[in-house]
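Each remark here refers to the structure printed beneath this line.
Residue numbers (the working numbering), protein chains in the order written: chain L, 1 to 360; chain D, 361 to 720.
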């Protein structure tokens, strides 16, 4: 099923408006989800709409949150998202970081009482037009087992960093710190394919290739796998994202995150302060003249793009290149939704009486 | 060969004094190397002394550098280390970050024209006594191949983050972003053992278990290994450390680092602006009251330390715990040097006429 960007954008904006978001916020939320679709990160695109609607229906998310700066210094702020959509709270928080960085040189904003914010890369890229490096992380449903641990206690906790370049397009790293995302596992399961060995473990902690293992009490493993191949470093990384996003903000951390997934049992008994995000913006010229830096980033990017490759591979891929190329293609040729995504938005359409703006 | 902390400290300080460092700087440099020994990271301890002496002998490093703040804003500084020892430049730069964070809330210092700075963890931990989160990274000799790449183009680029806790000891993550360090490979090779499959590749880019492969034109792979198991995320991580440490500072980045290892060929033809570091300090109370945060960090640490484990494992290890325990033991029971470390310091002792302060 292939649709134009504008068809899907209008539908998505309509859904958020129907839930009660004002025009500008609905536009912002739709823009973030559509950017995921364009960038071929469909696990964070329209596939998420039913989950957002469910959180709104069950009143875990409000459309009239009290976005509040709890505390601030010249280079920091703590924001309480007031249990609004992450897609509304997060862009405001990132903009706050950018504004503060204009004066202080760099700035960091921790957010609590928020929810799933879509692709982390969106926020990091907001900094690019200001000649800043942008930084975004979040914690999430506990699905990743710490090294030696039996149960999922950490989210797939993504890190996104966007770095401006000169003539070259920017360097945009945006990656879940777990070896694969839960979305990817769902895709493998739907295709009846196996998971790569070493990325998931069953409910006893034994390594398995069953991609549906999260629904059976299993867990994702950390990046790097076993300690011999560096899995304890992956644990450090995912843990740090949890600490910066959730402990520094006072959101629910690690195993105390109140799950938003139907198959993750709520064993927390904890007060729900939502999940947490952490945003940063660093003015390039707070360190070096931006023109010098950008020339060096161009050199960096070209050195890696033109590097010698192993047999059978075309080139070293610069982070952000595939996603940017995908955006250009899908903007022209349209967006193909998976059956699962389509089924999801069809149900949302019926539930909220927002017409699917296209023939089935 | 077992020696007391103080014997080795005095010898090491003596070596730096003999090269011409003033008393306080020699003490500082010795403290960093000895901390690595105490923390059982002997690959960054006295084993490095011969390399430091060689860089000083060949005049790549000077003992009278011009440590210069090139540019600054309220929350940033760019430092030119003037080609001094990393062990002298780095602590000054980290202290600058801490001082700036006192006013601005957070602060970041990029450093160029520096050299190997020992364990990154040392600098991150300097922030702890100020109730700050400390952050330290550096780039290094190009030994890590990017995903699909054939040659080593990035350093093992460590990340260290130290986070204060309350009743619990601090969380201290300090890890090379490559799956294993070159030091560990050397140890495996010396013992005639194999490297774990997937962490190194030979000169053609084929996976091998030969731990001596770096000396034969091979390379380390990124954390996560193949793309199916997340190796491209490891590439992002190691690349980001290179960009923050070296491009933001104007040091030599990635493949343009002028090697300090005898077996890495200098193919750069580049001007030598040394390697780069990146330091950060974040005041906890720039976000939340430190007492609240510390209580939550205690909860975080206990949740993970007491988590259910897979069969045969004792507990989930909190980053920093093993190193802290090692410090306590070695301070009491002494430090056992490997044959390689001892041979190294013996040669240094003879060359610089600094007596080994113990019977052989």
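Note that the Cβ used here is the ideal one computed from N, Cα and C, for glycine as well.
These numbers were taken from a predicted model, which means no experiment stands behind them.
Contact list for residue i against chain B, beta-carbon separation under 9 Å
i, result
"residue 513 of chain D", "The structure shown has no chain B; the protein chains it does contain are L and D."
Three-state class that DSSP yields for residue i in the structure shown
i, result
"residue 36 of chain L", "helix"
"residue 476 of chain D", "coil"
"residue 284 of chain L", "helix"
"residue 568 of chain D", "strand"
"residue 390 of chain D", "helix"
"residue 695 of chain D", "strand"
"residue 17 of chain L", "helix"
"residue 213 of chain L", "helix"
"residue 219 of chain L", "strand"
"residue 354 of chain L", "coil"
"residue 360 of chain L", "For residue 360 of chain L, the pLDDT reaches just 45, beneath the cut-off of 50, and the residue's location in the model is therefore unreliable, although a value from the coordinates is still provided. Coil, per DSSP."
"residue 200 of chain L", "strand"
"residue 676 of chain D", "coil"
7 Å Cβ cut-off: residues of chain L touching residue i
i, result
"residue 523 of chain D", "243"
"residue 438 of chain D", "287 and 288"
Amino acids of chain D, ordered along the chain, whose beta-carbon sits closer than 7 Å to that of residue i
i, result
"residue 277 of chain L", "Near residue 277 of chain L there are no residues of chain D at all, since even the closest Cβ is about 13 Å away, more than 7 Å."
"residue 228 of chain L", "556"
"residue 225 of chain L", "589"
"residue 238 of chain L", "Correct list: empty, because the minimum Cβ distance to chain D is about 11 Å."
"residue 81 of chain L", "Within 7 Å Cβ-Cβ: nothing; residue 81 of chain L doesn't reach chain D, min ~15 Å."
Rounded distance between the beta-carbons of residue j and residue i, thought under 8 Å
i, j, result
"residue 563 of chain D", "residue 520 of chain D", "Rounded, the Cβ-Cβ distance is 31 Å, inconsistent with contact."
"residue 513 of chain D", "residue 304 of chain L", "7 Å"
"residue 306 of chain L", "residue 273 of chain L", "Not a contact, Cβ separation roughly 48 Å."
"residue 88 of chain L", "residue 354 of chain L", "Not quite, the Cβ-Cβ distance comes to about 18 Å (not below 8 Å), so this is no contact."
"residue 716 of chain D", "residue 371 of chain D", "6 Å"
"residue 97 of chain L", "residue 281 of chain L", "4 Å"
"residue 33 of chain L", "residue 54 of chain L", "In fact, because the Cβ distance is near 15 Å, the residues do not count as touching under 8 Å."
"residue 277 of chain L", "residue 135 of chain L", "Between residue 135 of chain L and residue 277 of chain L the Cβ distance is about 11 Å, and since that is not below 8 Å, they are no contact."
"residue 101 of chain L", "residue 76 of chain L", "The Cβ separation is near 11 Å, so there is no contact."
"residue 131 of chain L", "residue 290 of chain L", "5 Å"
9 Å Cβ cutoff, residue i in contact with chain D
i, result
"residue 150 of chain L", "yes"
"residue 255 of chain L", "yes"
"residue 204 of chain L", "yes"
"residue 213 of chain L", "no"
"residue 235 of chain L", "yes"
"residue 56 of chain L", "no"
"residue 360 of chain L", "Below a pLDDT of 50, predicted positions are generally treated as unreliable, and residue 360 of chain L, at 45, falls in that range; no measurement from the model is reported."
"residue 136 of chain L", "no"
"residue 324 of chain L", "no"
"residue 319 of chain L", "yes"
"residue 179 of chain L", "yes"
"residue 133 of chain L", "yes"
"residue 71 of chain L", "yes"
"residue 201 of chain L", "yes"
"residue 171 of chain L", "yes"
"residue 176 of chain L", "yes"
"residue 119 of chain L", "no"
"residue 159 of chain L", "yes"
"residue 364 of chain L", "One cannot answer for residue 364 of chain L here, as it falls past the ends of chain L, which runs 1 to 360."
Chain L contact for residue i (CB, 9 Å cutoff)
i, result
"residue 689 of chain D", "no"
"residue 643 of chain D", "yes"
"residue 427 of chain D", "no"
"residue 453 of chain D", "no"
"residue 624 of chain D", "no"
"residue 506 of chain D", "yes"
"residue 435 of chain D", "yes"
"residue 464 of chain D", "yes"
"residue 547 of chain D", "no"
"residue 450 of chain D", "no"
Contacts of residue i in chain D (Cβ-Cβ under 8 Å)
i, result
"residue 296 of chain L", "607, 610 and 613"
"residue 311 of chain L", "564 and 565"
"residue 128 of chain L", "Chain D residues near residue 128 of chain L: none, gap ~14 Å exceeds 8 Å."
Contact set between residue i and chain D, taken where Cβ atoms lie within less than 9 Å
i, result
"residue 290 of chain L", "What residue 290 of chain L touches in chain D: nothing, since even the nearest Cβ is about 11 Å away."
"residue 293 of chain L", "607, 608 and 610"
Partner residues on chain L for residue i, Cβ-Cβ distance less than 8 Å
i, result
"residue 402 of chain D", "By Cβ distance, chain L contributes nothing, its closest Cβ being about 18 Å from residue 402 of chain D, past 8 Å."
Contact test: residue i Cβ vs the ligand MG heavy atom, cutoff 8 Å
i, result
"residue 141 of chain L", "Within the structure as shown, the ligand MG is missing, as the structure has no ligands at all."
I'd like the ranges of any beta strand (DSSP E) spanning at least 3 consecutive residues and lying wholly in the region 33-112 of chain L. 68-73 and 76-80
Identify every run of the beta strand (DSSP E) within the region 472-544 of chain D, keeping only runs that are complete inside it and at least 3 residues long; order them along the chain. 492-498, 518-523 and 531-536
Threshold first: 3 residues or longer. Then list the beta strand (DSSP E) segments lying entirely within the region 591-656 of chain D, N to C. 635-643
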